[in-house]
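Student:
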Amino acid sequence: MSELYQHRARKRFGQNFLHDAGVIHRILRAIHARPGQRLLEIGPGQGALTEGLLGSGAQLDVIELDQDLIPLLKLRFGLEPRFTLHQGDAMKFDFATLVSPGEKLRVVGNLPYNISTPLIFHLLAHASIIEDMHFMLQKEVVERLAATPGGGDWGRLSIMVQYFCRVEHLFNVGPGAFNPPPKVDSAIVRLVPHAELPHPARDHRLLERVVREAFNQRRKTLRNTLRQLLSAEQIEAAGVDGSLRPEQLDLAAFVRLADQLADAQASA
Ligand code: SAM
């Protein structure tokens, strides 16, 4: 890489650049991009994944926030007609502008850890135009995304993401694969939006509300934590045992509670 564009990693942009060729290859293999597909990479950084993604023959848009990385990305990939560079904040980006009707987007990113959860929620709002997502995240976050009911990792993030997507924890990546090395372990996750929601709620905002309220005090019983939203009778009418703690309920049960709340609001 040209000396001219030596870049010092910035903490405020969550910059930990991948440099381990084996890990990069493994990620690219998991994504398995093909010619003609539409890919979006969030935070290309210095292009560690970008090169292989473009090499697949796919159409690639990238969004990078750090202005100082733009000349380097232009220099490396600017002449490639299948490459489009956007400088800006992925949190404010309207992903729908990237696809024509009927087209779907494959989203990829070694995400800055400080914005990974809000960014995933921002992307879920566009789930209908997304084919799949592959992200490098903090390992603990991937464990929460892929969690099953009954354990300490099962919570708001697991439930709201699994409402929209199938989640696969693919593999872990140690700090040594990055420059500078982060303080935490990382993992690759695959999120595939459901073609049809397995447990559709009448109003998914009410599901969000019930889940948030329930996990605000995860040690307490549902009867207690949901007191402001649903009576003991309404919880029972949803087929849920009010003496359970929130982490013992699966997604379907939370959806039943949210629908019960929708009923209660409709008849109020
Ligand atoms: N993909 C590169 C790699 O694997 O080496 C860089 C990964 S680094 C963890 C995260 C990248 O996301 C950085 O390049 C950072 O500048 C960029 N970034 C941070 N916040 C962003 C945002 N809100 N929108 C777009 N890019 C962002």
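Residue 355 in the working numbering sits at position 141 of the sequence shown, and the numbers go up by one each step. For every residue, glycine included, the Cβ atom is placed at its ideal position computed from N, Cα and C.
(1) Would the beta-carbon of R430 be found less than 7 Å away from any heavy atom of ligand 1?
(2) Output the distance between the C-alpha atoms of S445 and L405, rounded to the nearest integer angstrom.
(3) Any chance the CB of G453 is under 7 Å from a heavy atom of ligand 1?
(4) Can you check DSSP and say which residues form a bridge with I493?
(5) Going by beta carbon distance, what residues of the same chain come within less than 8 Å of G390, once the five residues before and after it are set aside?
(6) What's the C-alpha gap between S216 and C379?
(7) Compute every distance between the C-beta of L444 and the non-hydrogen atoms of ligand 1, then say whether any falls below 7 Å.
(8) Using a Cβ-Cβ cutoff of less than 6 Å, which residues in the same chain neighbour P396 once the five nearest sequence positions on both sides are dropped?
(9) Does the Cβ of I284 lie closer than 7 Å to at least one heavy atom of ligand 1?
(10) For the stretch 253 to 299, list the beta strand (DSSP E) runs that are entirely contained and at least 3 residues long, ordered along the chain.
(11) Do the stretch 465 to 475 and the stretch 409 to 419 touch if we need at least three Cβ pairs shorter than 8 Å?
(12) What would DSSP say about P395, mapped onto helix, strand or coil?
Tutor: On the basis of the supplied data:
(1) The residue you asked about is not Arg; residue 430 is Asn in the sequence shown. No, since every heavy atom of ligand 1 falls outside the 7 Å radius drawn around the Cβ of N430.
(2) 35 Å
(3) no
(4) Absent from the structure is residue 493, since the part of the chain shown begins at 215 and ends at 482.
(5) The residues D234, in chain order, have a CB closer than 8 Å to that of G390 in the same chain once the five nearest residues on each side in sequence are set aside.
(6) Residue placement at S216 is poorly supported in this model, since its pLDDT is 47, which falls under 50; the coordinates are not used for a value here.
(7) no
(8) N230, P389.
(9) no
(10) 273 to 278
(11) yes
(12) coil
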